[in-house]
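Chemist: Pasting in a structure now, in C-alpha cells, and then I'll have a few things to ask.
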Amino acid sequence: RVDLIVITGDHITHSHPIIPGFREGIEELQSIAPVYASFGNHDGGQWYRGGEGPKDTSEIKGLYRSAGATPLENEVGH
Numbered sequence: 581r582v583d584l585i586v587i588t589g590d591h592i593t594h595s596h597p598i599i600p601g602f603r604e605g606i607e608e609l610q611s612i613a614p615v616y617a618s619f620g621n622h623d624g625g626q627w628y629r630g631g632e633g634p635k636d637t638s639e640i641k642g643l644y645r646s647a648g649a650t651p652l653e654n655e656v657g658h
C-alpha cells in the first residue's frame, strides 16, 4: 500500500514545453496515492536553459495542480 508519492525537482530540465503525457502520468500516480512535488532550479528562472525558459515555476506548478497533485514551496505543516 502506498501512502504518498513525492516527486523531486528539475522536472523540465531539457523538455520545454513539457513532454506529452507528463500530466497524464501525474494523474495516474495521483489515482494511486496523494502526489506532492517539490521544484528545482531547472523548473523555471535564470537557471533553466540559460534564462531562456519559463521565468518562474508557475507553469509546472499549474500542471501539477491541474492533475490533482500538490506542489510544495516553502510549506510547513503544523
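The sequence shown begins at 581 in this note's numbering and counts up by one. Where a beta carbon is used, it is the ideal one built from N, C-alpha and C, also for glycine.
Rounded to the nearest angstrom, how far is the Cβ of THR666 from that of PRO614, given a contact under 8 Å?
Modeler: Nothing about residue 666 can be reported from this structure: the residues present for the chain run from 581 to 658 only.
Chemist: So SER618 is in the alpha helix (DSSP H); what residue range does that whole segment cover?
Modeler: The residue you call residue 618 lines up with position 38 of the sequence shown. No alpha helix (DSSP H) contains SER618, which DSSP labels as neither H nor E.
Chemist: State the start and end residues of the unbroken alpha helix (DSSP H) segment that holds GLY624.
Modeler: As a first step, residue 624 must be located in the sequence shown, where it is residue number 44. Here GLY624 belongs to no alpha helix (DSSP H), and DSSP marks it neither H nor E.
Chemist: Ordered along the chain, which non-local residues of its own chain (more than five positions away) have a Cβ less than 6 Å from that of GLU607?
Modeler: Working through the sequence shown from its first residue, we reach residue 607 at position 27. For GLU607, where only same-chain residues beyond five positions count, the Cβ hits under 6 Å are ALA647.
Chemist: Give me the Cβ distance between ILE585 and ILE612, rounded to the nearest whole Å; I'm assuming they're in contact under 8 Å.
Modeler: The count along the sequence shown starts at 1 and reaches residue 585 at position 5. The count along the sequence shown starts at 1 and reaches residue 612 at position 32. Right, their Cβ atoms sit about 7 Å apart.
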